[in-house]
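One structure is given here, and the rest of the page talks about it.
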Amino acid sequence: MASLKVTSDISTKTIGVKSPEIHYTERSAVRVVVKGSDNQVIIIKATKGSYYKLPGGGVEPGEDHRLAAKREVEEETGCKVQVLGDCIATTEEFRNDLHQVSYCYRAELLDKDGKPELTEDEVADGLSHEWASVKDALRQMSAVEPTSELGRFIKEIDIFLLTEASRLG
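The numbering of the sequence shown is full-length UniProt numbering, which starts it at 1 and goes up by one.
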């Protein structure tokens with residue numbers, strides 16, 4: 001069983017509407033706000049779909065959320081990080097037949113010299129990462145108009161999570 005500590009005082013946002021007629025596929029995911037020594041954060045640009053996102057992705061069955069967070073950051077950016085503390089915010093998403101809960105963690109950069117190991121789908125989506133101040137990251141995320149439903153959901157999710165992380169310092 002994956003270990004997870006979620007305190008009752010974290011912020012949660014629900015996106016989409018649960019329908020009693022739909023049998024949902026359940027999925028857990030992590031999102032990570034990675035800060036470098038200059039207080040900039042990593043954001044990932046998806047050219048296909050026209051959106052920005054935080055590093056993160058699905059939690060494998062039985063996988064610890066913090067290990068999933070480290071793995072996802074390294075796969076998508078090549079960066080090694082240390083996850084700091086417990087989950088700081090969550091989102092609950094209802095999209096088509098998917099019910100996904102995303103858990104947000106903060107992390108600090110340890111090494112940025114690695115190379116991303118993107119999946120074929122991530123390469124096809126044109127994923128690339130960049131560093132930005134939190135203010136600029138939020139501005140970039142807010143300014144884009146995603147061309148896919150997935151991108152619109154990610155935009156709403158990750159703006160909420162980055163805002164919550166910045167509020168906590």
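A virtual CB, placed ideally from N, CA and C, is assigned to each residue, including glycine.
- Nearest in C-alpha terms to N39, of all of E108, Y103, I22, V73, is E108.
- Less than 7 Å divides the Cβ of G78 from the Cβ of P116.
- Of the candidates V17, I22, R31, H23, R31 places its Cα closest to the Cα of F160.
- Secondary structure of G151 (DSSP, three-state): helix.
- When DSSP states are grouped into helix, strand and coil, V34 belongs to the strand group.
- By the beta-carbon neighbour count (other beta carbons within 10 angstroms, threshold 16), L162 is buried.
- With fewer than 16 neighbouring CB atoms inside 10 Å of its own CB, T47 falls in the exposed class.
- By the CB criterion at 7 Å, I43 and L168 fall outside the cutoff.
- Counting along the chain, T91 sits inside the beta strand (DSSP E) bounded by residues 80–95.
- The continuous alpha helix (DSSP H) containing Q140 extends over residues 134–143.
- With contacts defined by Cβ atoms closer than 7 Å, Q100 and A29 form a contacting pair.
- Residue environment analysis places P61 among the exposed positions, since fewer than 16 neighbouring C-beta atoms fall within 10 angstroms of its C-beta.
- V101 carries a strand assignment under DSSP once its states are collapsed to helix, strand and coil.
- In the three-state scheme derived from DSSP, where H, G and I count as helix and E and B as strand, H23 is classed as coil.
- The DSSP-derived three-state label of D158 is helix.
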